[in-house]
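Our numbering applies: residue 198 is where the sequence shown begins, and numbers increase by one.
First comes the structure, then the notes that go with it.
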Amino acid sequence: MTVLLRPDLDALPLYQQLPTAARVQLSNNETAFPPLPRVAAALTAGLADINRYPPVSPHTTATRLAEHLDVPAGSVAVGAGSATLLLQLMQAVVHGPSSIVYGWRSFEAYPILVRVSGAEARPVPLTGDLVHDLDAMLAAVTATTRMIIICNPNNPTGTALHRDALAKFLAAVPEHVVVVLDEAYREFVTDPDTPDGLELVREAAGRGNLVTLRTFSKAYGLAGLRIGYCAGPIDLIRAVTKVGVPFSVSTLAETAALISLDSADELAQRCALVRTERDRVGQALHGLGHEFLPSQGNFLWLPLADRSPAFAAHCAADGVMVRPFGTEGVRVTIGSPADNDAFLAVARTFA
Ligand SMILES: *Cc1c(COP(=O)(O)O)cnc(C)c1O
Numbered sequence: 198m199t200v201l202l203r204p205d206l207d208a209l210p211l212y213q214q215l216p217t218a219a220r221v222q223l224s225n226n227e228t229a230f231p232p233l234p235r236v237a238a239a240l241t242a243g244l245a246d247i248n249r250y251p252p253v254s255p256h257t258t259a260t261r262l263a264e265h266l267d268v269p270a271g272s273v274a275v276g277a278g279s280a281t282l283l284l285q286l287m288q289a290v291v292h293g294p295s296s297i298v299y300g301w302r303s304f305e306a307y308p309i310l311v312r313v314s315g316a317e318a319r320p321v322p323l324t325g326d327l328v329h330d331l332d333a334m335l336a337a338v339t340a341t342t343r344m345i346i347i348c349n350p351n352n353p354t355g356t357a358l359h360r361d362a363l364a365k366f367l368a369a370v371p372e373h374v375v376v377v378l379d380e381a382y383r384e385f386v387t388d389p390d391t392p393d394g395l396e397l398v399r400e401a402a403g404r405g406n407l408v409t410l411r412t413f414s415k416a417y418g419l420a421g422l423r424i425g426y427c428a429g430p431i432d433l434i435r436a437v438t439k440v441g442v443p444f445s446v447s448t449l450a451e452t453a454a455l456i457s458l459d460s461a462d463e464l465a466q467r468c469a470l471v472r473t474e475r476d477r478v479g480q481a482l483h484g485l486g487h488e489f490l491p492s493q494g495n496f497l498w499l500p501l502a503d504r505s506p507a508f509a510a511h512c513a514a515d516g517v518m519v520r521p522f523g524t525e526g527v528r529v530t531i532g533s534p535a536d537n538d539a540f541l542a543v544a545r546t547f548a
C-alpha cells in the first residue's frame with residue numbers, strides 16, 4: 198500500500214541552497230555581522246526557559262511593532278520568518294480556483310509557496326531592464342486572482358520600482374486582490390524614488406488591499422532565528438494570525454526582535470556600511486570590466502548569462518560561495534569588507 202500524496206507536488210520546485218560552510222559565504226544575502234551584544238546576552242539568558250512554550254501567537258512583538266511603525270493597533274502580524282508569513286497570507290485568501298501573480302525572476306520561495314497554497318502560479322517575466330513589468334502583471338489578473346506579489350527591491354536583481362509607477366499600479370488593481378509588497382531589503386534602499394510600503398499602508402489607514410512584508414533576517418541579522426512581520430488592513434491581518442501554526446514563533450526570536458527594535462542606531466550603522474561596501478564593490482567590479490546592475494539591496498546582480506555557472510564555479514573553487522541563477526546571472530551578497538575583498542580577488546582572475 199502506498200500513501201496517497203498530492204499529485205501536484207511532483208511539479209513543486211525545490212528550494213536550492215548552496216553548501217553553507219564556505220570560507221566566504223556570499224550566497225544567501227545574510228548579514229556578515231555577529232549578533233548585537235545585547236541580543237546575544239538576552240538569548241543566553243533565555244536558554245534557561247526553553248522547556249516552556251512561547252505565547253501561542255507573538256502578540257507582544259506585533260503590538261510593539263504597530264507602535265514602532267506608527268500603524269493602527271491590530272495591523273501587524275508576526276510570523277516565523279517572512280516566507281512563512283507569506284504562506285499564511287496565501288492561506289488567508291486562497292479558496293476555490295485561485296491564482297497568484299508574481300514577477301519572475303524573483304525570490305525563489307514564491308513559486309514553491311504559491312503551489313503549496315493550492316493556487317495556480319502566474320509568473321510574469323521582468324522587463325528587459327529586469328524590473329517588474331507592472332502592465333503585464335495587471336494584464337495577468339483574472340477573476341481567480343487572489344494575490345499579486347511584488348518584491349521591491351527585487352531579489353535577485355536588486356532593481357526597485359519607483360513610487361509613481363507603483364501608485365498607478367495599485368490604483369488599477371481590483372480591490373479584492375491582495376497586493377503583497379515584499380520589502381525584505383527595504384533598509385538597504387538609497388534611491389529616494391523607491392516607495393516605502395509602510396507609508397502606503399499608513400495612508401490606507403487599515404483599509405485597502407496592500408500589505409507590506411518585512412523581515413528581521415536581513416538588516417537585523419536574525420536569519421537563523423526565523424522572525425518576520427507584515428503590516429496591512431486589519432481584517433486581513435486578523436486572518437493571517439488565525440491561520441498561523443500555534444507556537445511557531447519562539448520566545449528567543451521574539452526576545453531578539455524586541456531588543457533589535459531598541460537598537461535602531463547600531464543597526465542603521467551596519468546597514469550604512471553595507472551600502473558603502475555595495476558602492477565600493479560595484480566600482481571595483483566596474484574597474485575589472487564586469488557588468489552589474491545598480492542595486493537597492495545588500496547584493497549585486499551580475500548579468501553573466503551563459504557564463505554564470507562558470508563564474509560561480511570559479512568563485513567556489515576558491516571558497517567564495519556566490520549564487521548562480523541558471524544562465525541568467527549571478528547574485529553576490531555584500532558581506533564584510535574582508536569577504537568583499539576575497540570576492541573581488543576571485544572576480545579578478547575570472548577569464
Ligand atoms: C530573504 C528574503 C526574505 C526573508 O525571508 P525570511 O523568511 O524572513 O527569512 C523574504 N523575501 C525575500 C525577497 C527575500 O529575499
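Where a beta carbon is used, it is the ideal one built from N, C-alpha and C, also for glycine.
Here the structure is a predicted model, which is why all the values come from computation and not from measurement.
Smallest Cα separation from residue i: which of the options?
{"i": "Phe-522", "options": "Gly-532, Ala-509, Asp-536 and Thr-530", "result": "Ala-509"}
{"i": "Glu-463", "options": "Asp-538, Glu-384 and Asn-351", "result": "Glu-384"}
{"i": "Ala-192", "options": "Cys-512, Ala-270 and Ser-457", "result": "Residue 192 cannot be examined here, being either before or after the span of the chain that is shown, 198 to 548."}
{"i": "Thr-546", "options": "Arg-528, Leu-358 and Val-517", "result": "Val-517"}
{"i": "Pro-255", "options": "Phe-304, Ala-507, Val-437 and Gln-493", "result": "Val-437"}
{"i": "Pro-232", "options": "Ala-416, Ile-434, Ala-502 and Thr-524", "result": "Ala-416"}
{"i": "Ser-492", "options": "Gly-421, Tyr-382, Ile-434 and Ala-539", "result": "Tyr-382"}
{"i": "Ser-296", "options": "Ala-274, Val-375 and Leu-266", "result": "Val-375"}
{"i": "Leu-433", "options": "His-483, Val-377 and Ser-447", "result": "Val-377"}
{"i": "Leu-557", "options": "Asp-267, Asp-361, Leu-310 and Arg-312", "result": "Examination of residue 557 is not possible in this model, given that the chain is present from 198 through 548 alone."}
{"i": "Gly-421", "options": "Pro-443, Arg-435, Ser-447 and Val-442", "result": "Ser-447"}
{"i": "Val-268", "options": "Glu-396, Val-311, Arg-504 and Val-442", "result": "Glu-396"}
{"i": "Gln-213", "options": "Phe-304, Ala-318 and Ala-369", "result": "Phe-304"}
Check whether the Cβ atoms of residue i and residue j sit closer than 9 Å, and answer yes or no.
{"i": "Leu-244", "j": "Leu-449", "result": "yes"}
{"i": "Gly-293", "j": "Thr-341", "result": "yes"}
{"i": "His-454", "j": "Leu-410", "result": "Inspection of the sequence shows that residue 454 is occupied by Ala rather than by His. Their beta carbons are not under 9 Å apart, which means Ala-454 does not touch Leu-410 by this criterion."}
{"i": "Leu-485", "j": "Ala-544", "result": "yes"}
{"i": "Thr-281", "j": "Gly-429", "result": "no"}
{"i": "Pro-353", "j": "Gly-526", "result": "yes"}
{"i": "Cys-427", "j": "Gly-315", "result": "no"}
{"i": "Val-440", "j": "Gln-285", "result": "yes"}
{"i": "Ser-279", "j": "Thr-473", "result": "no"}
{"i": "Pro-308", "j": "Asn-349", "result": "no"}
{"i": "Glu-264", "j": "Ser-414", "result": "no"}
{"i": "Leu-358", "j": "His-329", "result": "yes"}
{"i": "Val-298", "j": "Ser-460", "result": "no"}
{"i": "Leu-266", "j": "Trp-301", "result": "no"}
Nearest-angstrom Cα distance between residue i and residue j?
{"i": "Met-344", "j": "Pro-320", "result": "12 Å"}
{"i": "Glu-380", "j": "Pro-234", "result": "26 Å"}
{"i": "Arg-423", "j": "Asn-225", "result": "14 Å"}
{"i": "Ile-247", "j": "Ser-445", "result": "14 Å"}
{"i": "Phe-496", "j": "Arg-475", "result": "7 Å"}
{"i": "Ala-481", "j": "Glu-488", "result": "11 Å"}
{"i": "Met-334", "j": "Arg-220", "result": "40 Å"}
{"i": "Glu-451", "j": "Ala-259", "result": "10 Å"}
{"i": "Val-253", "j": "Ala-270", "result": "19 Å"}
{"i": "Ala-336", "j": "Thr-199", "result": "42 Å"}
{"i": "Gln-288", "j": "Leu-223", "result": "32 Å"}
{"i": "Ala-401", "j": "Ala-218", "result": "44 Å"}
{"i": "Ala-469", "j": "Arg-528", "result": "20 Å"}
{"i": "Asp-515", "j": "Leu-407", "result": "44 Å"}
{"i": "Ala-502", "j": "Val-338", "result": "30 Å"}
{"i": "Arg-261", "j": "Ser-272", "result": "11 Å"}
{"i": "Thr-524", "j": "Ala-507", "result": "10 Å"}
{"i": "Leu-201", "j": "Ala-242", "result": "45 Å"}
{"i": "Leu-363", "j": "Arg-477", "result": "30 Å"}
Apart from the five residues on each side of it in sequence, which residues of its chain come closer than 8 Å, Cβ to Cβ, to residue i?
{"i": "Asp-326", "result": "Thr-356"}
{"i": "Phe-230", "result": "Gly-418, Arg-467 and Ser-533"}
Ordered along the chain, which non-local residues of its own chain (more than five positions away) have a Cβ less than 7 Å from that of residue i?
{"i": "Gly-405", "result": "Pro-430"}
{"i": "Gly-549", "result": "A question about residue 549 goes unanswered here, because the residues of the chain that appear run from 198 up to 548."}
{"i": "Ala-274", "result": "Ala-259, Leu-282, Tyr-426, Cys-427, Ile-434, Val-437 and Thr-438"}
Near residue i, which residues of its chain fall below 6 Å by C-beta distance, leaving aside the five closest residues on each side in sequence?
{"i": "Cys-512", "result": "Val-519 and Val-543"}
{"i": "Ala-306", "result": "Ala-280"}
{"i": "Gly-494", "result": "Pro-350, Gly-355, Tyr-382 and Phe-385"}
{"i": "Glu-372", "result": "Asn-406"}
{"i": "Phe-366", "result": "Leu-331"}
Kindly examine ligand 3 and report whether one of its heavy atoms sits closer than 8 Å to the Cβ of residue i.
{"i": "Ser-460", "result": "With respect to ligand 3, the structure shown offers nothing to examine, as its ligands consist of ligand 1."}
Counting contacts by CB-CB distance shorter than 9 Å, is residue i in contact with chain C?
{"i": "Pro-294", "result": "Judged by its chain identifiers, the structure shown contains no chain C, having just a single protein chain."}
In chain order, each beta strand (DSSP E) run of at least 3 residues that lies wholly inside the region 295-339: 296-301 and 317-322
Could you tell me which whole alpha helix (DSSP H) segments of length 4 or greater appear in the region 218-243? If one requires a minimum length of 4 residues, the alpha helix (DSSP H) runs lying completely within the region 218-243 are 234-243, in chain order.
Go through the region 413-470 residue by residue and report every complete run of the alpha helix (DSSP H) that reaches 4 residues or more, in order. When DSSP assignments are scanned along the region 413-470, the uninterrupted stretches of alpha helix (DSSP H) that are 4 or more residues long and fall wholly within it turn out to be 431-439 and 448-458.
Just list the alpha helix (DSSP H) runs in the region 341-385, keeping only unbroken ones of 4 residues or longer that don't cross its boundaries, in chain order. Counting only unbroken stretches of 4 or more residues, the alpha helix (DSSP H) elements lying wholly within the region 341-385 are 360-369, in sequence order.
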